[in-house]
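Heads up: the structure comes next, in structure tokens.
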Amino acid sequence: MAHSFNIVKFIIAVILLIVLVQILVFLHFSSIHWHDDHPIRGNDHIKSSNEKLLSHVSQIFGSKIKAKRTLHGSHRDLSPPVLDMPYKAPCKPKHKDANSALKRVKSESCRREILKTACLAESQKLYKTHIRRSCPLHKSGKSPAKSVTDTKPIPRGPPIRIAYIMTVHGRSIRQVKRLFKAIYHNHHYFYFHVDKRSDYLRREIKKLIKDFPNAALAPWSLSTIWGGATLLQMLLKCMEDLINKENWKWDFFINISGSDYPIKDNDALTKFLRGHREQNFLKPHGRDLNRFIKKQGIDRTFIQCDDHMWRLGNRQLPPDIEIDGGSDWIALNRKFCHYLVTSTDSLVTGLKHMYKYTLLPAESFFHTVLRNGPLCKKWISTNLRLTNWKRKLGCRCQYKHIVDWCGCSPNDFKPEDMPRIK
């Protein structure tokens, strides 16, 4: 008898639940046609209760109901509930690199991004391969970059003003303060980008620059990783911000990190730049272009998500342009920066899109645009830096935990390296 009574109670509960759901669904769809002065439409607290009940019912049935509200004039429109559908992969990637990435990825959003990118890449629809060069020089396989010395007479003209892009991360505020003090000049400008994960450093830099009208902190921030696509995005966004600062009249864009330090004073640097006002300073890789492409992984497709650069397979590079690259520490004149930020030609837009899926993009994008663009004659083959390269110490695949590739980094200068600086 008790068992039969429990069954009856269960059946009654199910019937009541079904009736409740039908009433709520009727109220939901009928409300679309109610006017604003309707008693229910005119009471927000009743409407909120209705939405809470819908949410509660959706949880009972294990499905997520989304109520999308749009406002058009005085009329509000509630769209019908939309159920989340299971994700359907656009294809089944064939390349072993893409499948390896899918096995290792942790987040669902990154897994979907990898699938989407790999499928587009394998169908050759990820980016345009017909990118045209506009350099007036004929393709020769040789870099148009020129060598230069600082013995050239300094021409007359207005003083050079530099916009320093200071890209910093971690907690080393003492090091940042020391660098800022060493390079500061009231004729120059200082724009800080702090890594998104470095909240302490952001707070300290705000305090540091609050009394300097020629210093600013980027109001946005990206999480940058070694070799990642966000490094190039960060530099281009900083460049755009500086172009849009109408009261900042700068001539050169120079990026530096918190571990840099000047070995020549401000006068020496500005005099040298004044003699080469129309030039851009980029250090190229060398003469063996094919070796550089293979070594850098430029002929592979990469995607950045979950703070990792995932290798997805081989790719075909645009045949009509000459890929170039070298150091990502650069000194570019304002004219070239303006071209990079504002141009809508196929070279700039096409390469920006292609380099979203490239390892170490900041080490190649600027070189490739300059080599193939209308300013290809304005290139000097140096980046105005002294770098301490010791391959055995700096090339140990130390970034494998964040990049599906082996790379190298320069080493710190130590007391035994001082003769090189002098």
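Quick note, the sequence shown lines up with residues 1011 to 1432 if you use this note's numbering.
Just so you know, even glycine gets a beta-carbon here, dropped at the ideal spot from N, CA and C.
Burial state of residue i, where buried means 16 or more other Cβ atoms lie within 10 Å
| i | result |
| --- | --- |
| Asp1422 | exposed |
| Arg1406 | exposed |
| Gly1417 | buried |
| His1048 | Residue placement at His1048 cannot be trusted, given a pLDDT of 41 that sits under 50; the coordinates are not used to answer. |
| Cys1101 | exposed |
| Val1024 | exposed |
| Tyr1210 | exposed |
| Ala1173 | buried |
| Asp1251 | buried |
| Ile1022 | exposed |
| Pro1229 | exposed |
| Ser1157 | exposed |
| Glu1256 | exposed |
| Lys1293 | buried |
| Asp1136 | According to the sequence shown, residue 1136 is Leu rather than Asp. Leu1136 is buried by the Cβ-count criterion. |
| Ser1119 | exposed |
Distance, residue j Cα to residue i Cα
| i | j | result |
| --- | --- | --- |
| Gly1237 | Ala1099 | 28 Å |
| Phe1375 | Leu1361 | 7 Å |
| Leu1130 | Leu1299 | 27 Å |
| Ile1141 | Leu1380 | 14 Å |
| Thr1359 | Ser1353 | 8 Å |
| Met1428 | Phe1190 | 22 Å |
| Asn1276 | Ile1164 | 15 Å |
| Pro1168 | Asn1196 | 15 Å |
| Arg1188 | Ile1273 | 14 Å |
| Lys1388 | Gln1289 | 5 Å |
| Gln1134 | Ile1303 | 19 Å |
| Ser1231 | Lys1138 | 29 Å |
| Leu1242 | Arg1166 | 35 Å |
| Asn1224 | Trp1260 | 11 Å |
| Trp1415 | Asp1330 | 27 Å |
| Tyr1199 | Leu1125 | 43 Å |
| Leu1357 | Asn1382 | 8 Å |
| Ile1170 | Ser1419 | 31 Å |
| Lys1149 | Phe1346 | 21 Å |
| Tyr1271 | Ile1313 | 33 Å |
| Thr1177 | Ile1193 | 15 Å |
| Tyr1097 | Arg1325 | 26 Å |
| Pro1103 | Leu1322 | 9 Å |
| Gly1268 | Thr1397 | 14 Å |
| Thr1311 | Ile1028 | 52 Å |
| Glu1123 | Glu1132 | 14 Å |
| Lys1206 | Leu1246 | 17 Å |
| Glu1373 | Asp1334 | 9 Å |
| Ile1412 | Pro1371 | 15 Å |
Simplified DSSP assignment, three categories, for residue i
| i | result |
| --- | --- |
| Cys1129 | helix |
| Pro1425 | helix |
| Thr1177 | strand |
| Pro1154 | coil |
| Ile1141 | coil |
| Ala1228 | coil |
| Gly1336 | strand |
| Arg1310 | strand |
| Pro1371 | helix |
| Ser1353 | coil |
| His1203 | strand |
| Leu1279 | helix |
| Ser1084 | Its pLDDT being 41, under 50, Ser1084 is placed unreliably by the model, and the measurement read from it follows with that caveat. The answer is coil: DSSP assigns Ser1084 none of H, G, I, E or B. |
| Ala1341 | strand |
| Phe1263 | strand |
| His1363 | helix |
| Pro1090 | Note on Pro1090: pLDDT 43, under 50, position unreliable in the model; no value is reported. |
| Asn1109 | helix |
| His1048 | In this prediction, His1048 has a pLDDT of 41, which is less than 50 and means its spatial position is unreliable; nothing more can be read from the coordinates. |
| Cys1416 | coil |
| Arg1321 | strand |
| Asn1300 | helix |
| Asn1196 | coil |
| Cys1248 | helix |
| Cys1101 | coil |
| Cys1315 | strand |
Beta-carbon proximity of residue i to residue j, cut-off 9 Å
| i | j | result |
| --- | --- | --- |
| Gln1306 | Leu1369 | yes |
| Cys1248 | Tyr1201 | yes |
| Phe1291 | Ile1175 | no |
| His1363 | Gly1336 | no |
| Glu1332 | Thr1378 | yes |
| Ser1391 | Ser1153 | yes |
| Ala1239 | Lys1366 | yes |
| Leu1327 | Asp1355 | no |
| Leu1350 | Leu1279 | no |
| Ala1108 | Ala1128 | yes |
Any contact of the segment 1197-1215 with the segment 1332-1343, i.e. 3+ C-beta pairs under 8 Å? Because the criterion of three Cβ pairs below 8 Å is not met, the segment 1197-1215 and the segment 1332-1343 do not touch.
Are at least three pairs of beta-carbons, each pair with one atom in the segment 1105-1122 and one in the segment 1318-1327, less than 8 Å apart? Yes, they touch.
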